[in-house]
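*Asks:* Before we start, here is the structure in question, set down as structure tokens.
There are 2 protein chains.
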Amino acid sequence: MLDKSSPLPLYFQLKELLREKIASGEWQPGDMVPSERELSEQYYISRMTARQALRELATEGLLRREPGRGTFVAEPKIEHGLTRLTGFTEDMQARGLQPGAKVIRLARVSPPLRAARALQITPDREIVLLERLRLAGGEPIALETSHLCFNGVLALLDEDFENHSLYHILAEKYHITPARAVQKIGADLCSQREQELLQIPEGAPVLRNKRITYDQWGRPFEYTESAYRGDRYVFQAELSAFQ
Amino acid sequence: MLDKSSPLPLYFQLKELLREKIASGEWQPGDMVPSERELSEQYYISRMTARQALRELATEGLLRREPGRGTFVAEPKIEHGLTRLTGFTEDMQARGLQPGAKVIRLARVSPPLRAARALQITPDREIVLLERLRLAGGEPIALETSHLCFNGVLALLDEDFENHSLYHILAEKYHITPARAVQKIGADLCSQREQELLQIPEGAPVLRNKRITYDQWGRPFEYTESAYRGDRYVFQAELSAFQ
DNA sequence: TTGCTATATTGGTATAGACCACCGAACCAC
DNA sequence: GTGGTTCGGTGGTCTATACCAATATAGCAA
Numbered sequence: 541m542l543d544k545s546s547p548l549p550l551y552f553q554l555k556e557l558l559r560e561k562i563a564s565g566e567w568q569p570g571d572m573v574p575s576e577r578e579l580s581e582q583y584y585i586s587r588m589t590a591r592q593a594l595r596e597l598a599t600e601g602l603l604r605r606e607p608g609r610g611t612f613v614a615e616p617k618i619e620h621g622l623t624r625l626t627g628f629t630e631d632m633q634a635r636g637l638q639p640g641a642k643v644i645r646l647a648r649v650s651p652p653l654r655a656a657r658a659l660q661i662t663p664d665r666e667i668v669l670l671e672r673l674r675l676a677g678g679e680p681i682a683l684e685t686s687h688l689c690f691n692g693v694l695a696l697l698d699e700d701f702e703n704h705s706l707y708h709i710l711a712e713k714y715h716i717t718p719a720r721a722v723q724k725i726g727a728d729l730c731s732q733r734e735q736e737l738l739q740i741p742e743g744a745p746v747l748r749n750k751r752i753t754y755d756q757w758g759r760p761f762e763y764t765e766s767a768y769r770g771d772r773y774v775f776q777a778e779l780s781a782f783q
Numbered sequence: 541m542l543d544k545s546s547p548l549p550l551y552f553q554l555k556e557l558l559r560e561k562i563a564s565g566e567w568q569p570g571d572m573v574p575s576e577r578e579l580s581e582q583y584y585i586s587r588m589t590a591r592q593a594l595r596e597l598a599t600e601g602l603l604r605r606e607p608g609r610g611t612f613v614a615e616p617k618i619e620h621g622l623t624r625l626t627g628f629t630e631d632m633q634a635r636g637l638q639p640g641a642k643v644i645r646l647a648r649v650s651p652p653l654r655a656a657r658a659l660q661i662t663p664d665r666e667i668v669l670l671e672r673l674r675l676a677g678g679e680p681i682a683l684e685t686s687h688l689c690f691n692g693v694l695a696l697l698d699e700d701f702e703n704h705s706l707y708h709i710l711a712e713k714y715h716i717t718p719a720r721a722v723q724k725i726g727a728d729l730c731s732q733r734e735q736e737l738l739q740i741p742e743g744a745p746v747l748r749n750k751r752i753t754y755d756q757w758g759r760p761f762e763y764t765e766s767a768y769r770g771d772r773y774v775f776q777a778e779l780s781a782f783q
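Chains as they are written, first to last, in the numbering used here: chain W, 541 to 783; chain A, 541 to 783.
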């Protein structure tokens, strides 16, 4: 099973092998995996080598170890949410909801000061403002206001943002790939405008999200302010003590 | 230097010792720390034991290891600070604020159903409930309700949570290190109890956070529900398109 | 000066063996 | 039935040893 002549370390080969068993579904969450001693006999390696593979998979969150009981396949990780950079469209699809968008405003404007600062430009530059009501299953979920700035950004004024994801358009036509983003998430009461557009009661809570998105070269190209309905949306985040 | 008769593992004692040298500034970022072989001779332990201490400190980000060169004190991280798993205390310190806590309730209870599910235990298990009002600069910022469950958790009932961070106590006395956490963050209106404790107006928005924290073996040991003042607190997150 | 080589040191991998605390189940005595 | 004990299995810790690849340095040769 393991190739002792390979340049890849044995514990690494074993990790990949176990990872595959979990990914393929052969081992289900909660199942007990073979003990260190079993693995060492089965693959003709020492217990410490098997141990290293199990230990590292446990710190990665794939396995859960219990002294005196055994090692178990962990509950699956949350794939989406705050750790992976996704747009609203992918986000909703991951939750099994039908995403939609209604363009409220698409215009050439001068950026407000906080957008200019986020995009690292002077306020006299012309940028594209895109305001969309985001839907899931036909219901309004969020109001997104995006400030976009890159070379040739004005061509965006002719795009169709109701039937295509912003990030898809940027990737396919403009070769801009979102690579990194910084978000600030807070709670607030909705404004009157948001109340009407989102069809929520007066004084209802909203999640406010301010995001700066950077492209593959580390340049900021998008600054977006969003208001999500507090009763219909939660952010999910997976945190790690390491890295 | 190390106490071989102590119940604390030798590698753990060595970790604390090295951690102290870094925290005190005796070792500066970039400094080379003694090699595995030096440490094993100096403290009369085997190389593998010294190795375990260095390895774990490296995965925690305090040390940087370079094959063929040595082990060095890592530069303090800035970029990844936003996705790092921290408690309220470290969180506030990172923002330059003086953290504080007022214990509202510390008791032995049966877990509510959603806490039992999060902690992967049956609802008849006894756990420790810790409710704290979290302060920053003397002002109330959040109400935190933690459900704690691990072997010997009841000893927590005698701890002082007003002057010590929960995660510090867990690490130093119980050898439990938070390694991973999953959070759900939403917006809501405050309850009457929260309104009074947080000293905010009626109907004010709060950020609700539900967190499951896993230890170094991947076992859930803490389920915490928090309500943060919407006017004083934002979550920050850094997203990546990769991995 | 430049480039090579030998050497010592470093962390990385791997083995074999030992003892411990903890858990669960089977068993036994009351 | 209840409450112990025993026992086998598990992960956690620790030692001692060995070899490897990468690195830095000192010394030597062109």
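Glycine included, every Cβ here is placed at the ideal spot set by N, Cα and C.
1. A658 (chain A): which of A:S546, A:P549, A:E765 sits nearest, CA to CA?
2. So, does the CB of K724 (chain A) fall closer than 8 Å to a CB anywhere in chain W?
3. Please confirm if V693 (chain A) has its CB atom under 8 Å from at least one CB of chain W.
4. Opposite P680 (chain W) in the DSSP bridges: which residues?
5. Determine the chain W residues that contact D728 (chain A) at a beta-carbon separation under 9 Å, and present them in chain order.
6. With distances taken between CB atoms, is the gap from F701 (chain A) to A777 (chain A) smaller than 8 Å?
7. Give me the DSSP bridge partner(s) of I667 (chain W).
8. May I ask you to list, following chain order, the residues of the stretch 595 to 620 of chain W that have a beta carbon less than 7 Å from some beta carbon of chain A?
9. Which residues in chain A have a C-beta closer than 8 Å to the C-beta of V774 (chain W)? List them in chain order.
10. Would you give the residue range spanned by the beta strand (DSSP E) that E765 (chain W) belongs to?
11. Once the 5 residues before and after G627 (chain W) are set aside, which same chain residues still bring their CB inside 7 Å of it?
12. Any idea what DSSP makes of E606 (chain W), helix, strand or coil?
13. Inspect the CB distances between the stretch 603 to 616 of chain A and the stretch 688 to 698 of chain A and report whether three or more fall short of 8 Å.
14. Distance check for Y584 (chain W) and R674 (chain W), CA to CA, integer angstroms please.
15. Which residues in chain A sit within 9 Å of A593 (chain W), going by Cβ to Cβ distance?
16. Quick check on this structure: which residue in A:Q568, A:D728, A:V693 has the alpha carbon closest to the alpha carbon of E762 (chain A)?
17. Where does S698 (chain W) sit, in a helix, a strand or coil, going by DSSP?
18. When we look at the beta-carbon of T753 (chain A) and count the other beta-carbons within 10 Å, is it buried (16 or more) or exposed?
19. What residues from chain A crowd round A777 (chain W), counting only those whose CB sits closer than 7 Å?
20. Would DSSP call H704 (chain W) helix, strand or coil?
21. For C730 (chain A) and E566 (chain W), I'd like the C-alpha separation in whole angstroms.
22. Is there at least one Cβ from chain W nearer than 8 Å to Q553 (chain A)'s Cβ?
23. Can you check DSSP and say which residues form a bridge with K642 (chain W)?
24. With 8 Å set as the bound, which would you pick, yes or no: does the beta-carbon of Q732 (chain A) sit closer than that to a beta-carbon of chain W?
25. Secondary structure at S546 (chain A), three-state DSSP: helix, strand or coil?
*Replies:* According to the structure shown:
1. As a working mapping, residue 658 (chain A) is identified with position 118 in the second sequence. Considering only alpha carbons, the answer is A:E765.
2. Residue numbering aside, residue 724 (chain A) sits at position 184 when the second sequence is read from its first letter. Cβ-Cβ to chain W under 8 Å: yes for K724 (chain A).
3. Position 153 of the second sequence, counted from the start, is the residue given in the question as residue 693 (chain A). Output row for V693 (chain A): interface = no.
4. Working through the first sequence from its first residue, we reach residue 680 (chain W) at position 140. Answer is W:L675, bridged to P680 (chain W).
5. In the second sequence, counting from the first residue as 1, residue 728 (chain A) sits at position 188. Correct list: A727, P745, G770, D771.
6. Translated into the one-based positions of the second sequence, residue 701 (chain A) becomes position 161. Translated into the one-based positions of the second sequence, residue 777 (chain A) becomes position 237. Taking 8 Å as the Cβ cut-off, F701 (chain A) and A777 (chain A) do not qualify as a contacting pair.
7. As a working mapping, residue 667 (chain W) is identified with position 127 in the first sequence. DSSP lists W:V649 as partners of I667 (chain W).
8. A598, T599, G601, L603, R604, R605, E606, A614, I618
9. For this step, residue 774 (chain W) is matched to residue 234 along the first sequence. Those are K724, I725, G726, listed as they occur along chain A.
10. Taking the first residue of the first sequence as position 1, residue 765 (chain W) is located at position 225. Run containing E765 (chain W): 760 to 769, per the beta strand (DSSP E) assignment.
11. Translated into positions along the first sequence, residue 627 (chain W) becomes position 87. Cβ within range, chain order: S705, L706, Y707.
12. Taking the first residue of the first sequence as 1, we reach residue 606 (chain W) at position 66. Strand, per DSSP.
13. no
14. The residue labelled residue 674 (chain W) in the question sits at position 134 within the first sequence. The residue labelled residue 584 (chain W) in the question sits at position 44 within the first sequence. Cα to Cα, R674 (chain W) sits roughly 56 Å from Y584 (chain W).
15. In the first sequence, residue 593 (chain W) corresponds to position 53, counting from 1. Per Cβ cutoff of 9 Å: no residues; A593 (chain W) is ~14 Å from chain A at best.
16. The residue labelled residue 762 (chain A) in the question sits at position 222 within the second sequence. Of the listed residues, the one whose Cα sits closest to E762 (chain A) is A:V693.
17. Against the first sequence, residue 698 (chain W) aligns to sequence position 158. The sequence shown places Asp at residue 698 (chain W), not Ser. D698 (chain W) falls in the helix class under three-state DSSP.
18. Your numbering for residue 753 (chain A) matches position 213 in the second sequence. Result: buried.
19. Position 237 of the first sequence, counting from 1, holds the residue named residue 777 (chain W). Within 7 Å Cβ-Cβ: Q723, I725, A777.
20. The residue given as residue 704 (chain W) occupies position 164 in the first sequence. Looking at H704 (chain W) - three-state DSSP - the assignment turns out to be coil, as it is neither helix nor strand.
21. Here residue 730 (chain A) corresponds to residue number 190 of the second sequence, with the count starting at 1. Here residue 566 (chain W) corresponds to residue number 26 of the first sequence, with the count starting at 1. Using only the alpha carbons, I get a separation of about 45 Å.
22. For the purposes of this step, residue 553 (chain A) is taken as the residue at position 13 of the second sequence. No, its Cβ sits nowhere closer than 8 Å to a Cβ of chain W.
23. Along the first sequence, read from residue 1 onward, the residue named residue 642 (chain W) stands at position 102. Answer by DSSP bridge pairing, in chain order: W:L673.
24. Translated into positions along the second sequence, residue 732 (chain A) becomes position 192. With 8 Å as the cut-off, Q732 (chain A) does not count as an interface residue toward chain W.
25. Numbered from 1 along the second sequence, position 6 holds the residue referred to as residue 546 (chain A). Here S546 (chain A) sits in coil by DSSP.
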